[in-house]
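> Sending over a structure as structure tokens; questions will come in a sec.
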Amino acid sequence: MELQATDNQPLVVQKKEKKKQKPVETAELKSHESYFSPKYFTEVFIEVTYKSIPRLLNYEFNLLTMSLINIYLLGQKGNLHDIKIFGLGDIWARIFAYSLIKYKNMTLQQECTIALSAKNYFFVGISYQRSLFIVGLICIFSAPFLCFWWKALILFGIEKAIATKAGDYMWVCLPSVFCYGYYDTTNNYLQSQNILWPQFGIQFIQAIVHYFIAHTMIINQNMGVLGAAWAKNFSDTISAGLIYAFITLKNPTRKTWIEWNSRAFDGIQDYLKQSLRNGIGQYVEEVAFLLLTMMSMYLSDPANTATHIALQNSGLLHFSFYLGFHFVVNNYINSSLSRGFVDRAKRKAFMCVITLFFWIGFVMFILLNNKTQWSEWFSSNSVVQQNLQNSIKIYAKIVVLDGIQLTFCAILKALDRFNHITIIYSVSYYLIGISTSIYQGFYLGKGEYGIWTGWLTSASVSSVVFFFVFALTNWQNQSVLIKANYNKVIIKDIISYQKRN
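Numbering (our numbering), first residue to last: 65 to 565.
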């Protein structure tokens, strides 16, 4: 079945003559595609790494301008009070805006990729417009939470002076939420069409501009947290403007770019359901991570709170590295499963696991051999630096486990195990992880170390359960299910378009 459309014609579903397919999958496999073939591993390693590099660079540079540069400059001033305020504002902004937009847009990239594989270019444009509309609504409805949340924090026992200044931070950087929403949606639209490097160039420019603006305002003008907020506003506005200029002046998406069309409002309910299904698992995990940092706000020693905020941002740095591989591994395996090539998909999964284990080892080598520089990046305070170096053992274990569980999560997504992913994350991080952190950190009085023990526990549980679900999944049955559901949402939307026309 081939899906076709143009700007001036209604979408149609055309039946195409079936081509004779080879009767057995083994005929489609290359002779060297075995589980222990060095040549095949090299091919997979190079392909997965090559496709992942621009994505992980995009995630890393996005994190640089979102928080890492600001936390670095605030940390060099050594004002633990400002770090606590910034950490609190950053947590809330991620929960109600930035992280919500990021994981919602994963559905956009997946939907556009499916439409492109069917050569349905018009639907790619429709999906982009629909996603822009949804992201706009998220920004509008999240604004009250971002601006007035500090009042709720006071009720939950956060010091009034801290909560009020964190609220001021969010008031000031509210425009950046809208700019980020536009940039991230457009970025995912471009990435679905394998347009990757121009966005990296944009974010590289954004990071340089952000650093100089933030340094001027935070250090030279002594504006503290508000300087970080203004720097974020300026840099996010620049990135949104640059990507708009790129997509309109260079016109790299001629086949899929369309003028605004009312069809973008069709199928909104199904699209929201699909977005929730695809992105809720990762969002649930990241929110749990941020809530653990929220717990550190109740620690009596401000150095411990600053340590936890530093660990949170470092954790997001490593998490973003793995997330760059996540989408590529998912699509790489799913492309074989959707065509019924189960054995090939299994071999790809095996090679992807080895590839990711190599990169996990690489990350650990860099971290453990640069722990002094790592601790100095986040703070000039000697107590915070010592706390960070003391926590390296437990933090390193979490970095390894995060890499493992994200790898198996990507494979389970390829196997259409979205519900399992959400349940596993919810139970391991909320029922087990957060409760363990509360018990260890506050009831037993272990403080920041106890809170991170809960995170280590939840990461361990999710990694083990993900592996068992991966091992026990019937790949043949899932392949049949995936083939049956392939393009289901798109075809349903096309039929609704035909009825309207």
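We treat Cβ as the ideally placed atom computed from N, Cα and C, and that holds for glycine. A quick note: this is a predicted structure, and the numbers were derived from the prediction, not measured.
Could you check how far apart the C-beta atoms of Ile329 and Tyr233 are, in whole angstroms? I think they sit under 8 angstroms.
As a position in the sequence shown, residue 329 is number 265, starting the count at 1. As a position in the sequence shown, residue 233 is number 169, starting the count at 1. For clarity, residue 329 is Phe in the given sequence; the question names Ile instead. Their Cβ separation, rounded to whole angstroms, is 35 angstroms, which puts Phe329 and Tyr233 out of contact at 8 angstroms.
> Which whole runs of the alpha helix (DSSP H) in the region 426–455 are 4 residues long or more, in chain order?
Complete alpha helix (DSSP H) runs here, min 4: 435–442 and 446–454.
> Going by beta-carbon coordinates alone, are Gly345 and Phe482 separated by less than 8 angstroms?
Taking the first residue of the sequence shown as 1, we reach residue 345 at position 281. Taking the first residue of the sequence shown as 1, we reach residue 482 at position 418. For Gly345 and Phe482, yes; Cβs fall inside 8 angstroms.
> Could you give the uninterrupted runs of the alpha helix (DSSP H) lying entirely in the region 294–382, keeping only those of 4 residues or more?
332–359
> Taking all protein chains shown into account, decide if Gln193 is buried (16 or more other Cβ within 10 angstroms of its Cβ) or exposed.
In the sequence shown, counting from the first residue as 1, residue 193 sits at position 129. Classification for Gln193: buried.
> Mind checking Ala278: buried by the 16 CB within 10 Å criterion, or exposed?
For this step, residue 278 is matched to residue 214 along the sequence shown. Its Cβ being crowded by 16 or more others within 10 Å, Ala278 is buried.
> Out of Gly518, Gly291 and Val241, which has the shortest C-alpha to C-alpha gap to Leu201?
The sequence position of residue 201 within the sequence shown is 137, counting from 1. Comparing Cα-Cα distances from Leu201 to each of Gly518, Gly291 and Val241, the minimum goes to Val241.
> Enumerate in chain order the residues of its own chain whose CB-to-CB distance from Pro316 is below 6 angstroms, with the five nearest sequence positions on each side excluded.
Working through the sequence shown from its first residue, we reach residue 316 at position 252. The residues are Ile259.
> For the 8 angstroms Cβ check, are there 3 or more pairs between the region 405–419 and the region 457–467?
no
> Measuring CB atoms only, is the region 278–294 touching the region 120–138, in the sense that at least three cross pairs come out at less than 8 angstroms?
yes
> In chain order, what residues of the same chain lie with their CB nearer than 6 angstroms to the CB of Ile546, ignoring the 5 residues before and after it?
As a position in the sequence shown, residue 546 is number 482, starting the count at 1. Closer than 6 angstroms at the Cβ level, and outside the excluded window around Ile546, lie Leu401, Ser402 and Asp480.
> If we count Cβ pairs, one from each stretch, closer than 8 angstroms, do we get three or more for the region 373–384 versus the region 142–157?
yes
> To the nearest angstrom, how far is the alpha carbon of Leu536 from that of Tyr507?
Residue numbering aside, residue 536 sits at position 472 when the sequence shown is read from its first letter. Residue numbering aside, residue 507 sits at position 443 when the sequence shown is read from its first letter. Cα-Cα distance, rounded: 38 angstroms.
> Using the Cβ count rule (16 or more neighbours within 10 Å means buried), how would you classify Ile430?
The residue labelled residue 430 in the question sits at position 366 within the sequence shown. Exposed, by the Cβ-count rule.
> May I ask which residues mark the beginning and end of the alpha helix (DSSP H) holding Thr517?
Taking the sequence shown and counting its residues from 1, the one referred to as residue 517 is at position 453. Gly511 to Leu536 is the span of the alpha helix (DSSP H), which, as asked, contains Thr517.
> Does the region 257–273 come into contact with the region 216–231, if we say contact requires no fewer than three beta-carbon pairs (one atom in each stretch) closer than 8 angstroms?
no
> Quick check: what's the CA-CA separation for Tyr167 versus Phe421?
Numbered from its first residue, the sequence shown carries residue 167 at position 103. Numbered from its first residue, the sequence shown carries residue 421 at position 357. Each residue's Cα considered, the two are about 24 angstroms apart.
> Grab the span of the alpha helix (DSSP H) containing Ser191 for me, first residue to last.
Walking along the sequence shown from the start, residue 191 turns up at place 127. That run of the alpha helix (DSSP H) goes Tyr185 to Leu219.
> Among residues of its own chain, excluding the 5 on either side of Phe298, which ones have a beta-carbon nearer than 8 angstroms to its beta-carbon?
Locating residue 298 in the sequence shown gives position 234, counting from the first residue. Closer than 8 angstroms at the Cβ level, and outside the excluded window around Phe298, lie Val273, His274 and Ile277.
> Contact between the region 245–256 and the region 301–309: three or more CB pairs below 8 angstroms?
yes
> Report yes if the C-beta distance between Ala478 and Asn398 is below 8 angstroms; otherwise report no.
Mapped onto the sequence shown, residue 478 falls at position 414. Mapped onto the sequence shown, residue 398 falls at position 334. Asn398 is positioned such that its CB atom lies closer than 8 angstroms to that of Ala478.
> Could you give the uninterrupted runs of the alpha helix (DSSP H) lying entirely in the region 213–277, keeping only those of 4 residues or more?
224–236 and 238–255
> So, does the region 138–145 touch the region 435–448, judging by three or more C-beta pairs under 8 angstroms?
Result yes; three or more Cβ-Cβ pairs closer than 8 angstroms.
> Going by DSSP in three states, Ala182 sits in which element: helix, strand or coil?
Indexing the sequence shown from 1 puts residue 182 at position 118. The answer is coil: DSSP assigns Ala182 none of H, G, I, E or B.
> Roughly how many whole angstroms lie between the Cα atoms of Ser543 and Ile496?
Along the sequence shown, read from residue 1 onward, the residue named residue 543 stands at position 479. Along the sequence shown, read from residue 1 onward, the residue named residue 496 stands at position 432. As the crow flies, the alpha-carbon of Ser543 is around 32 angstroms from that of Ile496.
> How long is the line joining the alpha carbons of Arg406 and Trp539, rounded to whole angstroms?
Against the sequence shown, residue 406 aligns to sequence position 342. Against the sequence shown, residue 539 aligns to sequence position 475. Looking at the sequence shown, residue 406 is not Arg but Val. For Val406 and Trp539, the distance between alpha carbons rounds to 7 angstroms.
> Does Ser216 pass the burial test, meaning 16 or more other C-beta atoms within 10 Å, or should it be called exposed?
Along the sequence shown, one-based indexing puts residue 216 at 152. Note that residue 216 is Ala in the sequence shown here, rather than Ser. So Ala216 counts as exposed.
> Starting from the C-beta of Thr486, find all residues in its chain whose C-beta is less than 7 angstroms away, skip the five residues before and the five after it, and write them out in chain order.
Reading the sequence shown from its first residue, position 422 is the one you call residue 486. Cβ contact annotation for Thr486 (same chain, cutoff 7 angstroms, sequence separation greater than five): Ile344, Gly345 and Val348, in chain order.
> Please report the Cβ distance between Gln173 and Asn252, rounded to the nearest whole angstrom; I am assuming they are in contact, meaning their Cβ atoms lie under 8 angstroms.
Within the sequence shown, residue 173 is the residue found at index 109, counting from 1. Within the sequence shown, residue 252 is the residue found at index 188, counting from 1. That pair is a contact at about 4 angstroms.
> Quick one: what's got a C-beta closer than 8 angstroms to Leu432's C-beta in the same chain, skipping five residues either side?
The residue labelled residue 432 in the question sits at position 368 within the sequence shown. Same-chain partners within the cutoff: Ile456 and Ala460.
> Tell me whether the region 357–366 and the region 97–113 touch, counting them as touching only if at least three CB pairs, one residue from each stretch, are closer than 8 angstroms.
no
> Under a three-way DSSP split, which group does Leu545 fall into?
Counting from 1 along the sequence shown, the entry for residue 545 is found at position 481. Helix, per DSSP.
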